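Engineer: Note that the working numbering gives residue 942 to position 63 of the sequence shown, counting from 1, and the numbers run on in steps of one. Don't be surprised by glycine CBs; every beta carbon is placed ideally from N, CA and C. Note that the structure is predicted; figures quoted are calculated from it, not measured.
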Amino acid sequence: VVRKQVKALTVLYLVPCQHFGVYFAPYQILLVMGAVFVLLAIPFLLFYDRTVLPLCNRCLPQHRQERRTLGTQRQ
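1) Rounding to the nearest angstrom, what Cα-Cα distance links Ala904 and Leu910 in this structure?
2) Starting from the C-beta of Gln884, find all residues in its chain whose C-beta is less than 8 Å away, skip the five residues before and the five after it, and write them out in chain order.
3) Roughly how many angstroms lie between the CA atoms of Phe916 and Lys886, to the nearest whole one?
4) Report the rounded CA-to-CA distance for Gln907 versus Ala914, giving the unit in angstroms.
Here it is in structure tokens:
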């Protein structure tokens with residue numbers, strides 16, 4: 880029974896998948912997906928500190944000042 884399952888899995892793995900008329904093996908599909916993910920992640924990693932962090936830094940000092948004023952009002 881185990882041999883039949885292993886054989887079925889290897890046949891599924893070795894049989895290429897047809898996609899847009901081009902045959903890709905499952906590992907090739909995973910490689911392409913990984914490459915696309917990396918290519919999409921590179922700009923995000925490069926520009927995250929330039930775009931998002933300055934926006935956060937604008938909000939943080941105001942939030943700290945509000946905490947200080949609230950702390951002085953309580954006392």
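Structural biologist: In terms of the structure at hand:
1) Within the sequence shown, the letter at position 25 stands for residue 904. Within the sequence shown, the letter at position 31 stands for residue 910. Taking the straight line joining both Cα atoms gives about 10 Å.
2) Reading the sequence shown from its first residue, position 5 is the one you call residue 884. Answer for Gln884: no residue qualifies.
3) Sequence index remark: in the sequence shown, residue 916 carries index 37 (1-based). Sequence index remark: in the sequence shown, residue 886 carries index 7 (1-based). Whole-angstrom Cα-Cα distance: 32 Å.
4) Here residue 907 refers to the residue found at position 28 of the sequence shown. Here residue 914 refers to the residue found at position 35 of the sequence shown. Whole-angstrom Cα-Cα distance: 10 Å.
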